[in-house]
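Each remark here refers to the structure printed beneath this line.
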Amino acid sequence: MRHVIALDVGGTGMKAALIGTDGELLHQARRPTGRERGPEAVVAGIVDFAAELRAWGAGRLGEPAAAAGVAVPGIVDEGRGVAVYSANLGWRDVPLRALLTERLDAPVAVGHDVRTGGLAEGRVGAGRGADRFLFVALGTGIAGAIGLDGRVEAGAHGFAGEIGHVVVRPSGLPCPCGQRGCLERYASATAVGEAWAAACGDPDADAADCAGAVEAGDVRARRVWREAVDALADGLVTALTLLDPRTLIVGGGLAEAGETLFAPLREAVRRRVTFQKVPSLVPAALGDTAGCLGAGLLARDLLAAGPPDCGPSSPAAPSAAAPAAPTDPSEVTA
Numbered sequence: 656m657r658h659v660i661a662l663d664v665g666g667t668g669m670k671a672a673l674i675g676t677d678g679e680l681l682h683q684a685r686r687p688t689g690r691e692r693g694p695e696a697v698v699a700g701i702v703d704f705a706a707e708l709r710a711w712g713a714g715r716l717g718e719p720a721a722a723a724g725v726a727v728p729g730i731v732d733e734g735r736g737v738a739v740y741s742a743n744l745g746w747r748d749v750p751l752r753a754l755l756t757e758r759l760d761a762p763v764a765v766g767h768d769v770r771t772g773g774l775a776e777g778r779v780g781a782g783r784g785a786d787r788f789l790f791v792a793l794g795t796g797i798a799g800a801i802g803l804d805g806r807v808e809a810g811a812h813g814f815a816g817e818i819g820h821v822v823v824r825p826s827g828l829p830c831p832c833g834q835r836g837c838l839e840r841y842a843s844a845t846a847v848g849e850a851w852a853a854a855c856g857d858p859d860a861d862a863a864d865c866a867g868a869v870e871a872g873d874v875r876a877r878r879v880w881r882e883a884v885d886a887l888a889d890g891l892v893t894a895l896t897l898l899d900p901r902t903l904i905v906g907g908g909l910a911e912a913g914e915t916l917f918a919p920l921r922e923a924v925r926r927r928v929t930f931q932k933v934p935s936l937v938p939a940a941l942g943d944t945a946g947c948l949g950a951g952l953l954a955r956d957l958l959a960a961g962p963p964d965c966g967p968s969s970p971a972a973p974s975a976a977a978p979a980a981p982t983d984p985s986e987v988t989a
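Taking my numbering, the leading residue of the sequence shown gets 656, the next gets one more, and so forth.
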């Protein structure tokens, strides 16, 4: 059966699937990313995992995958297929597409994790049918994806959609990016968790605890939540003024609060707009499967468009370990 490999690489775990060219889900697997073993081991693990998926497909489905898509965190040069930088995984300038193409003997697409998740939300999730959408993920940080006519814009240098580093509070809290007052320092799940831990005196409290306290009527939690919602609304109105999306999709861990987040956020956005058209503001629909589904869409797009130039175009990658004997990936858990 003709199919593609879809692989979503996270800071702690990897999610993978074999997907039919008609979109049918044929197989799923997970395994740890293994970042504690260092960047070389992470790269080797990605390549070996993909090779195991290829072997599984060849054995169980009658032929190896026709293409592969992989989503990775950090800064990604999607045109060259290079993972430029990831603080979480400790790598720089990894020619991931070239490494995987050589191992899989098939065309490979490499994408940014949030943009790839946004691609899936736009095509088959909450933004399905929208010609222009903005996907914003509220997690450890905040990042976004700009959707135009069924594709996601990477930008000239691979930074398109980095709404988390829009300054919403000038001279505010310092951000690791070097600026002060960035949106993700106020409205990410991490920021909300830190603010609530300080307010309630429990160092282990997180954003989910804050949302629960808001629902219970805690005055301190409501103040923390309101400050985060206000900052988020400021950032979103800046984005919709520039991009004029038809649909605004919000996902990530903070969005799991449901209407505790969305009801005040819609109202805060509505209060801020003047001449702008308020887009439909909806929760993401695909959850933590979005990155993997998006990677599959990247691979299927390759089959439609033809393979990219996979020649060497970057500094050498960390060396990969020797190929592991193929195993059944379904037996490996994250």
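Note that CB positions come from ideal geometry on N, CA and C, so glycine has one too.
Work out the CA separation of residue j and residue i for me, nearest whole Å.
| i | j | result |
| --- | --- | --- |
| D732 | L897 | 24 Å |
| T944 | L673 | 13 Å |
| E718 | I904 | 37 Å |
| L948 | T771 | 8 Å |
| V924 | L891 | 8 Å |
| A696 | H682 | 25 Å |
| L680 | Y841 | 38 Å |
| I797 | V727 | 15 Å |
| E911 | D861 | 13 Å |
| G872 | P858 | 21 Å |
| A742 | R877 | 33 Å |
| V807 | H767 | 10 Å |
| T893 | T929 | 12 Å |
| V749 | A918 | 42 Å |
| A671 | L887 | 32 Å |
Could you pull the start and end residues of the alpha helix (DSSP H) that residue i belongs to?
| i | result |
| --- | --- |
| I701 | 694-716 |
| F917 | 914-927 |
| G802 | Where G802 is concerned, there is no enclosing alpha helix (DSSP H), although the beta strand (DSSP E) it sits in stretches over 797-803. |
| D864 | 862-870 |
| R835 | Run containing R835: none; DSSP gives neither H nor E here. |
| R690 | Note, R690: premise wrong, no alpha helix (DSSP H); not H, not E. |
| L957 | 945-960 |
| G777 | 768-779 |
Which residue from the options puts its Cα closest to that of residue i?
| i | options | result |
| --- | --- | --- |
| E914 | R778, R686, P938, L708 | P938 |
| G693 | A705, G666, V928 | G666 |
| V737 | N743, A910, L754 | L754 |
| P934 | R709, D864, R901 | R901 |
| L957 | E691, V763, I660 | V763 |
| I730 | A785, L774, E817, V659 | E817 |
Name the one or two DSSP bridge partners that residue i has.
| i | result |
| --- | --- |
| T902 | F788, S935 |
| S741 | W746 |
Excluding the 5 residues preceding and the 5 following residue i in the sequence, name in chain order all residues of the same chain whose CB lies nearer than 7 Å to its CB.
| i | result |
| --- | --- |
| R778 | G805, L952 |
For residue i, which residues in the same chain have their Cβ closer than 8 Å to its Cβ, ignoring the five residues on either side in sequence?
| i | result |
| --- | --- |
| M669 | L662, D663, R685, R686, P687, T688, G700, I701, F704, A989 |
Starting from the C-beta of residue i, find all residues in its chain whose C-beta is less than 6 Å away, skip the five residues before and the five after it, and write them out in chain order.
| i | result |
| --- | --- |
| R657 | T676, A721 |
| A713 | P719 |
Along the beta strand (DSSP E) that carries residue i, what are the first and last residues, could you check?
| i | result |
| --- | --- |
| A722 | 722-727 |
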